[in-house]
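A.B. asks: Got a structure for you, written out below as structure tokens; questions coming shortly.
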Amino acid sequence: MAKDKGKKKALQPITRDYTIHLHKLCHRVTFKRKAPTAIKKIKEFASKAMKTKDVRIDNTLNRFIWANGIRNLPRRVRIRVSRKRNDDDAKEPMFTLVQHVPVEDFTGLQTEVVANE
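Quick look at the structure:
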């Protein structure tokens, strides 16, 4: 007997901090595609984590990724991923905003749920 498929829970607004290892994600990518690929991989990660199709990258995160040029990415990046409610007339009910969290050292950092403002 198969399990009964229950109703899916409606998505609620939530905010989490993640560390992404960009060096691993963009390994074996052509130099001239590294920064654009990193942005795509971050969007893909946020989409999977928050279960939304609409993912928006903040300007500060984009500048951080591109700071060393198209070829030289930062090894890791700490990001804050926020699932928020969309406008009433929008196609999707929720969207995801990805922001940069500046940190001194990545040692010992884990995924954390951030209290919503």
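Numbered according to this note's numbering, the sequence shown spans residues 200 to 316.
Idealized CB from N, CA, C, for every residue including glycine.
All of these numbers come straight from a predicted model, not from anything done at the bench.
Could you tell me which whole beta strand (DSSP E) segments of length 3 or greater appear in the stretch 239-289?
C.D. replies: Entirely contained in the stretch 239-289, the beta strand (DSSP E) runs reaching 3 residues are, in chain order, 254-256 and 275-284.
A.B. asks: Quick one: Cα of Arg302 to Cα of Lys223, how far?
C.D. replies: The residue asked about is misnamed: residue 302 is Val in this sequence, not Arg. Cα-Cα distance, rounded: 19 Å.
A.B. asks: Do Asp299 and Ile269 have their C-beta atoms within less than 8 Å of each other?
C.D. replies: In the sequence as presented, Asp is not what sits at residue 299; that position holds His. Not closer than 8 Å, so no.
A.B. asks: Beta carbon of Ile264, beta carbon of Ala289: below 8 Å?
C.D. replies: No, Cβ-Cβ distance for Ile264 and Ala289 is not below 8 Å.
A.B. asks: Could you compute how far the alpha carbon of Phe305 sits from the alpha carbon of Arg274?
C.D. replies: One C-alpha to the other measures close to 10 Å.
A.B. asks: How should Glu294 be labelled, buried or exposed, when 16 other C-beta atoms within 10 angstroms of its C-beta is the threshold for buried?
C.D. replies: What sits at residue 294 in the sequence shown is Phe, not Glu. Per the 10 Å Cβ criterion, buried.
A.B. asks: Hey, Arg157 and Thr251 are a contact pair by Cβ (cut 8 Å); roughly how many whole angstroms apart?
C.D. replies: With the chain covering 200 to 316 only, the question about residue 157 has no answer from this structure.
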